[in-house]
């Protein structure tokens, strides 16, 4: 070192140590999104990790460009829908925090590919959709949207309201969860015939979102039903009847009624 | 200070007059505005796509502009020998380097600012509400690019222009993989792998920490504590790199 | 007081992968006094530019030391009093002539008013007043040289270092720059002039140092390096070949056209006698030329001598 004071070098080293400590502080800061790393269990996983490492700063751009490509295959329909599968897989590998990609991927498997698949493969695509959502949740444990997607899959696609309830409960607890997640939790409880649970949920929703007129209306409705056995019977039978209709449309077996629901009552409720 | 200010002012003037810089900026703005058309094609949620694309474009073009500024700051002065007339004057070497750096950061800031304004403006037209998290994300991207610029300056004191460009791109790629390597190190099976990956985290910059794209796209809250920690890291690491650049430039025979 | 002092100054440029470096300057010791105009000459690669760069702190010596105004070359107080015109100057394209001078003036800590006045004065001095607002990218070589000289003078330096100040200029431009240097000399500036144009150095410099392959071959007053030799030549008219025998004793006689003739005398005494003889014989003395070695003659002989000695 011809002219430089060695003390300056020492100061540089000390500053470097402090900068690393600051970096660690960033990792520990609230709101820092930890980088999701898929466990490397196979050569394929190692290869993917290597490609992701090499792309570096271009990962998000690559994911974005592939995402746009998927739109082209979407409009192609039929054959194009199957080509979207590997694209979604790659996009979610490259950008594991791209929530929309996970949601679309899972939905595409459980709804679209499920409908396109031959009958013996249909259940497989439902399972695939669920797996996709769960992988997305692994990478984004604070995303209310992905919990909502799992819950909706159970509630709407499979008509299994009881199985959807724990997922709705997880979704509503996550930051940013909107009003309608509470609505859906309450409706899931209704469809499980847990009207007391549903009422409690509507009440919680009104407390959390005082301006939510939908929650207010439903809360009041169940409050009135809780005081009038006939009204309660009508509400529960109505839920059963509507659910039965949807199940028939999807060739799902019917559920037993929650109580004695005379046919004339259910027909009247359906006509409404 | 006077010398640093004068040199930085000259540096800004020089960059703004360069046609290549003007063309770069124009392309960046065209891409951002063009991104709105891509967003219409995207399945669902065009605004999320626009934010993601827009920030990616600012990141990539910001990187290109940072490399351009770093490469044209010192080496051309040495090659054209304008540095002789300058260093013959009562100007300390570190003042020259800092002046050039400050000037380059100003130009970078202006570019990122203009690109950010266009993006925020485009979103405002669609949403009729100003997106403050997006502005913060653009700000942290600028901080990241300023750190990258400092590294490019450091490399340019000892390498040729071509090597500096190459090094700049490699640094940007590596910088974006540090968080990934840090996480990998926590799952590493062998101690050697863990320590090697952690060593990379110590030595090399982590640009990913400055990237708030996913928070902004998913409308998550951005914690002030995170921003302060980020700024602290950026400033400290940047200072370290600039200090090394000053040491190297002090030893340089022009 | 010595303005510039170089003591056993040596510079070896290291090669990238070890091995013997390139010896650019070898053990140079010389000094420049205040008010002196000092010439530094040498073939390409002799170490002139290396010497200047060492004085300006642009490179670092391998051995020895250099001082300017009694201070280290890196001392800013010394640099405050130096003006430097680099060889084939190139400045910032986007600036105008006056903006460039203003910029450099700022670096010397000059206030705005002071800069403005100095700017006007210098632009007039170098003849660039009319082109002051033109961008440097449109300047010709000569204009760049002038503005280069102006920026070297911006701080009214006590020591002016000029590297090839007239290189690439047309005869009028060269003449104007030379006149400027003479004027600066008259104002008492110390000038270090580095040039290939030996006739220019001969005319302008008080002392000259000759470098070759990093070694100092000679350093002395210009007049001492170019001693007047004995004898000379008498050029006359109005005589004819019948007078040749009378003049032959003083030196070789040659006849030109239109009755012109010349007598080449080898000694001063013979020269005096030739002049007297021409007058006595009824001729007209047109010119008496003393034989003098030029700096170029000295330079070539010194360099060749150095080459022969095997360095």
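Residue numbers (this note's numbering), protein chains in the order written: chain Z, -18 to 253; chain F, 1055 to 1308; chain U, 679 to 989. All C-beta atoms in this analysis are idealised placements derived from N, C-alpha and C, irrespective of residue type, glycine included.
The C-alpha of residue 860/U lies about 21 Å from the C-alpha of residue 974/U. Using a Cβ-Cβ cut-off of 9 Å, residue 1119/F does not count as an interface residue toward chain U, since no Cβ of chain U sits closer than that to its own. Taking C-alpha positions only, residue 1091/F is separated from residue 1101/F by approximately 11 Å.
By the criterion of a C-beta distance shorter than 8 Å, residue 1083/F is surrounded in its chain by 1168, 1169 and 1172, once the five residues flanking it on both sides are discounted. The C-beta distance from residue 811/U to residue 776/U rounds to 7 Å, short enough to fall under 8 Å.
For residue 844/U, the secondary structure class from DSSP, reduced to helix, strand or coil, is coil. The beta carbons of residue 769/U and residue 807/U sit no closer together than 9 Å. Any Cβ of chain U closer than 9 Å to the Cβ of residue 1307/F would place that residue at the interface, and such an atom is present. Residue 1277/F is positioned such that its CB atom lies closer than 9 Å to that of residue 11/Z.
Taking 9 Å as the Cβ-Cβ cut-off, the stretch 773 to 785 of chain U approaches chain F at 773, 777, 781, 782, 784 and 785, given in chain order.
Across the stretch 1230 to 1247 of chain F, no CB contact with chain U closer than 8 Å is found for any residue. The criterion of a C-beta distance shorter than 9 Å is satisfied by residue 82/Z and residue 48/Z.
Below the 7 Å Cβ cutoff, chain F contributes 1256 as neighbours of residue 1/Z, in chain order. Taken through DSSP and simplified to helix, strand or coil, residue 704/U comes out as strand.
A distance of 9 Å or more separates the beta carbons of residue 872/U and residue 751/U. In the DSSP assignment, residue 967/U falls within the beta strand (DSSP E) that extends over 962 to 970. When beta bridges are read from the DSSP output, residue 885/U appears opposite 716/U and 899/U. Look at the stretch 1117 to 1145 of chain F: the residues with a C-beta under 9 Å from a C-beta of chain U are 1134, 1135, 1136, 1137, 1138, 1139, 1140, 1141, 1142, 1143, 1144 and 1145. The closest CA to that of residue 827/U, considering only 792/U, 884/U and 765/U, is found on 765/U. Contacts with chain F at 9 Å (Cβ-Cβ) do not include residue 100/Z.
In the three-state reduction of the DSSP assignment, residue 938/U falls in the strand class. In this structure, residue -7/Z sits near residue 1297/F, with a CB-CB distance shorter than 9 Å.
Two segments are said to touch when three or more pairs of C-beta atoms, one from each, lie closer than 8 Å; by this definition the stretch 1288 to 1302 of chain F does not touch the stretch 22 to 34 of chain Z. Taking the CA atoms as reference points, residue 1106/F sits about 48 Å from residue 790/U.
Chain F places no beta carbon closer than 9 Å to that of residue 722/U, leaving this residue out of the contacts. Taken in chain order, the members of the stretch 29 to 56 of chain Z whose beta-carbon sits within less than 8 Å of a beta-carbon on chain F are 30, 33, 34, 35, 36, 37, 38, 39, 40, 41, 42, 45, 48, 49, 51, 52 and 55. By the Cβ neighbour-count rule, residue 933/U is exposed, with fewer than 16 other Cβ atoms within 10 Å of its own. Unbroken alpha helix (DSSP H) runs of no fewer than 4 residues, entirely contained in the stretch -4 to 83 of chain Z, are found at 24 to 36, 40 to 57 and 60 to 75, following chain order. The beta carbon of residue 1067/F falls within 9 Å of a beta carbon belonging to chain U, placing the residue at that interface. Contacts with chain U at 9 Å (Cβ-Cβ) include residue 1060/F.
For chain F, none of the residues of the stretch 814 to 825 of chain U brings a beta carbon within less than 7 Å of one of its beta carbons.
Contiguous alpha helix (DSSP H) elements confined to the stretch 815 to 875 of chain U occur at 819 to 831 and 849 to 864, taking only those with 4 or more residues.
Exclusion of the five residues before and after residue 126/Z leaves 80 and 84 as the residues of its chain whose Cβ lies within less than 7 Å of its Cβ. DSSP places residue 129/Z in the helix class (H, G or I) of the three-state scheme.
Remark: C-beta atoms of residue 760/U and residue 734/U approach each other more closely than 9 Å. Contact with chain U is found for residue 1057/F, since one of that chain's Cβ atoms lies less than 9 Å from the residue's Cβ.
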